[in-house]
Amino acid sequence: MKKIYKLFGIFSLIVIGISTIIYINYDVANLNNIFEDRYSVSVLDDKDEIIGVYLNKDEQWHLKGTENIPEKLKISVLNFEDKNFYSHNGVDFLAIIRSLKNNIIYKKRNGASTITMQVAKISNPKKRSYLNKYVEIIQSFKIENNFSKDEILLMYLNNAPYGGNIVGYKTASYLYFQKKPEELTWAESSLLAVLPNSPSLMNIEKNRDKLIEKRNFLLKKLYEKNYISETQYKLSLREPIPNKRYNFKNLAPHLVRRVIDNNKDIIIHSTINTELQQKLEKTTKDYSEFLKTQGIKNLSVLVVDNNTYEVKGYIGSQDFYDFENNGQVDGVVAKRSPGSVLKPFLYGKAIDEGLIVPQSKVPDIPIYFSNFSPQNANKKYYGIIEIQDALIKSLNTPFVQLLKEYGEDKFFYFLKDVLGFQDNDYSRYGLSLILGTKELSVEDIATLYCGLGNYGNFKSLKYLQNEKKEKGRQLLTSGVSYLTLKTIKNLERPGLQNIYKSKYPISWKTGTSYGKRDGWAAGVNPNWTVVVWVGNFTGETNPNLTGVFSAGNLLFDIFKFLPNNQENFKIPEKDLIKIKIDDETGYRLKYDLPYKIVDFPRDAKPLKASPYYKKIFVNDKGEEIDSRNEDFIFRKEKIILNYPIEVINYFIRENIDTSKIFNSKIEKKSIKFIYPNENLKITIPKDFDGEKELIIKIANIKNQKIYWYFDKNYIGLDNIKEKRFKVNLGKHQIVIVSENGEIEKVNFEVIKK
């Protein structure tokens, strides 16, 4: 007997030792990490509804549930799997004894695993055996000592198999019933309780009768224990089980991919609004079919809530699964030429700088800047035009001249301040910056227009709900933002959209890049910013493509279904003051002239005086005189308009009435070089060896005979305004002399690139 006790003691010590080793070596602290690594990444909308899910590394759909376990599911699972869960310490020894008895005596295999033991098994699956069951028992003790019962139950439900590649109760709830777990009925909860018991043998597609039988067995138990009433029991028995598995929603796939790539979280809370996104996807997909008939294959759209700077709608392409037309490219972040959509911001910055007001007149004529000669898109010019009309008509030459006056470096760094791009070399773009040579994305343009819609307060756009709140930067005065929004509200809309102009008040601007590669439309009202880009991701040109029609029509289609889309911007009265401007040219009133009163930003720099007026002295014949004239003692002061000679020259060439802007009795200077400019360096290709033909352009407002001299050599006499010269590399000078004795000269140099 002593020997038996001794052997039993040794055996017990061995068992205790093995148990201790198993207990100590089981890394329970890493249990959550083990499960965390298995979950599918999911993206939720602004109401925490799923909009996208990725398969995990094992090609499974495996959502993580973080909310409280629904009571119906909890009761169903405990009554089916482990009724003593809250009373045992991880192991139900009575169940084990009962299972051993059935296995040995009746050759009947019954499980005795508690929920805690199943968590141990799921964390490190092994072949079914008595030894492995023993290991699970020891591991269960440690799990119980380190986690609460509710934590253990959630671990089990989050990682239980539900058939096929469906893992976790939350996944099963969505893919079998298309609803959140808290919305499950008693019948549905019971079905999810019994499925993990043998998911490989029973699922909704095979052995359905056995599955229903097990579910009904559980329902009966719940009824007998008074968890459900008789009525609930009878109704639950009649509920059918699903006849197919569903799919997860797949909304805003470009954004889903983007936030998953840039996040390490398992559950990502986006700012997307599902209802709006669904409407947006349908509208853009339908519209893309029309664009394809025009040879335009791609589009991108961003919709931003101006109140929160949150992105509510995101269209990366016409269709994520349009592989033939590069549908997986995310056009929201792709850099493209923005055309004219930057003009409102230069307009606003120039007003804040005191250079203009909306009513200020500026030249609109063919001009030359070094080797850059901008043209209006329609090849038409107005001679002189109010800057607000130049913005409405999207004229290029007035805005290139305005950029030159404001400073391309200052405007470049304003854009950089808002958008945070890495580029520092404004000289790469020069004056063509305002025409779209600096490539920007749909996201960039939306950031700019959202800031404008917030009265000049610029912030980064938000894609995630948990992003830190940004204070924002006031980079345009609220007064000038309102004046800019008021101006671009008057843009002519395409086609039938003008009918809805009063119903859907929108401040908007379009842009078409050089070569018709990109069409843009950006619109803003107090609540929403919408930016549309259309074109081809491959970059080819298309004669059918324009910002106004190709992108503009879609812009207004989108605004029609946005909520709160009929509001107007409120006048920021405390941020605007009244100033006097001269009636003719639209600048600060300096002389005693007819004037009008206009709004001006309170925080802007003082408006400059008109560059087109000057004070002169005249005799009794109305001729200009100076102190050398014998009649100077009888002089009279006179304020006259003094438009640039090149403007007068354009009016004369185009047979436009000049009576208001030109007085031949007073105007002395009547000839001027238009091109080339003084000290211009004209670059030619490196492999150029011969002569270059150069077209010289002059203003000759009195149509006088002109004597031409090239490099001090007399060329001839005529009254033409353009003359061709053949020039070689090096420095050159051209001199012109009018028949009344005026002399103008220009120096330039021809160099190799």
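Start counting the sequence shown at 506; every next residue gets the next number (our numbering).
Just so it is clear, CB atoms sit at the ideal spot from N, CA and C, and this is done for glycine as well.
key: Rounded separation between Asn584 and Lys725 - CA only   = 11 Å
key: Distance, Ile556 Cα to His774 Cα   = His774 and Ile556 have their C-alpha atoms some 10 Å from each other.
Reference Val1232; option with closest CA among Tyr1212, Ile1189 and Asp1136 = Ile1189
request  = Quick one: measure Cβ to Cβ for Asn778 and Asp550, integer angstroms, because I've assumed they're closer than 8 Å.
outcome  = 6 Å
key: Lys613 in three-state terms, based on DSSP   = Confidence is the limiting factor: at Lys613 the pLDDT is only 49, short of 50, which leaves the residue's position unreliable, though a coordinate-based value still follows. Coil at Lys613, not helix or strand.
message = Can you check which of these residues, Phe1064, Glu1247 and Gly836, is closest to Asp1274 by C-alpha distance?
response = What the structure shows of the chain is the stretch from 506 to 1258, and residue 1274 is not part of that stretch, so it cannot be assessed.
message = Rounded to whole angstroms, what is the Cα-Cα separation between Leu740 and Trp691?
response = 10 Å
request  = Could you please give the first and the last residue of the uninterrupted beta strand (DSSP E) stretch that includes Tyr934?
outcome  = Neither: Tyr934 is in no beta strand (DSSP E) and is coded neither H nor E.
ask   = In its own chain, which residues sit with a C-beta less than 7 Å from the C-beta of Glu541, not counting the 5 before and 5 after it?
value = Annotation for Glu541: Ile771 place their beta carbon closer than 7 Å to its own, counting only its chain and skipping 5 residues before and after.
request  = Count the C-beta pairs between the region 933 to 943 and the region 793 to 809 that are closer than 8 Å, then say yes if the count reaches three, no if not.
outcome  = Flag = no, the region 933 to 943 and the region 793 to 809 do not touch.
message = Quick check: what's the CA-CA separation for Leu785 versus Gly818?
response = 7 Å
ask   = From Glu1244 to Ile1102, what does the alpha carbon distance come to, in whole angstroms?
value = 45 Å
key: Rounded separation between Asp1088 and Tyr1118 - CA only   = Between the C-alpha atoms of Asp1088 and Tyr1118 there is a straight-line separation of about 12 Å.
query = Which term fits Lys647, buried or exposed, when burial requires 16 or more other beta carbons within 10 angstroms of its beta carbon?
reply = buried
key: Thr621 (DSSP reduced to helix, strand or coil)   = helix
message = I need the straight-line Cα distance from Asn881 to Lys1014, nearest angstrom please.
response = Whole-angstrom Cα-Cα distance: 16 Å.
key: Between the CA atoms of Gly595 and Ile620 - distance to the nearest angstrom   = One C-alpha to the other measures close to 8 Å.
task = Would you decide whether Thr992 is buried or exposed? Buried here means 16 or more other CB atoms lie within 10 Å of its CB.
result = buried
query = Distance, Cα to Cα, Asn712 vs Phe926?
reply = 60 Å
ask   = Near Phe874, which residues of its chain fall below 6 Å by C-beta distance, leaving aside the five closest residues on each side in sequence?
value = Leu936
query = If Val923 sits next to Ala1109, beta carbons under 8 Å apart, how far is it from one beta carbon to the other, in whole angstroms?
reply = That pair is no contact at about 19 Å.
ask   = Can the beta-carbon of Tyr814 be found closer than 8 Å to that of Pro747?
value = Cβ distance not < 8 Å, so Tyr814 and Pro747 don't count as in contact.
Three-state secondary structure (DSSP) of His759 = helix
ask   = By Cβ distance, which residues of its chain are closer than 7 Å to Gly859, with the 5 residues on each side in sequence left out?
value = Short of 7 Å from the beta carbon of Gly859, and not among the five residues preceding or following it, lie these beta carbons of its own chain, in chain order: Ala1109, Lys1110, Pro1111, Leu1112 and Lys1113.
query = Do Val1039 and Leu1050 come within 8 Å of each other at the CB atom, strictly closer than that value?
reply = yes
query = Cα separation between Val806 and Gly673?
reply = 35 Å
query = Which of helix, strand or coil does DSSP assign to Lys1085?
reply = strand
inquiry  = Going by beta-carbon coordinates alone, are Gln893 and Pro849 separated by less than 8 Å?
reply    = It is not a contact, given that the beta carbons lie outside the stated cut-off.
ask   = Which residues bound the alpha helix (DSSP H) around Asp949?
value = Val947 to Gly958
ask   = How about Thr982 and Lys1021: are their beta carbons less than 8 Å apart?
value = Not in contact: Thr982 and Lys1021 (Cβ atoms no closer than 8 Å).
ask   = So, is Tyr954 buried or exposed, given that buried needs 16 or more other C-beta atoms within 10 angstroms?
value = buried
key: Residue interval of the beta strand (DSSP E) (run including Pro745)   = Pro745 -> no beta strand (DSSP E), and no H or E assigned at all.
message = Taking 8 Å as the threshold (C-beta atoms), are Ser793 and Gln823 in contact?
response = yes
task = Quick one: residues in its chain with C-beta nearer than 7 Å to the C-beta of Gly977, no 5 flanking neighbours on either side, listed in chain order?
result = Asn962, Phe963 and Lys964
query = When you compare only the Cα positions, how much space is there between Asp1080 and Ser865?
reply = 20 Å
ask   = In the DSSP assignment, what residue or residues form a beta bridge with Pro666?
value = Val672
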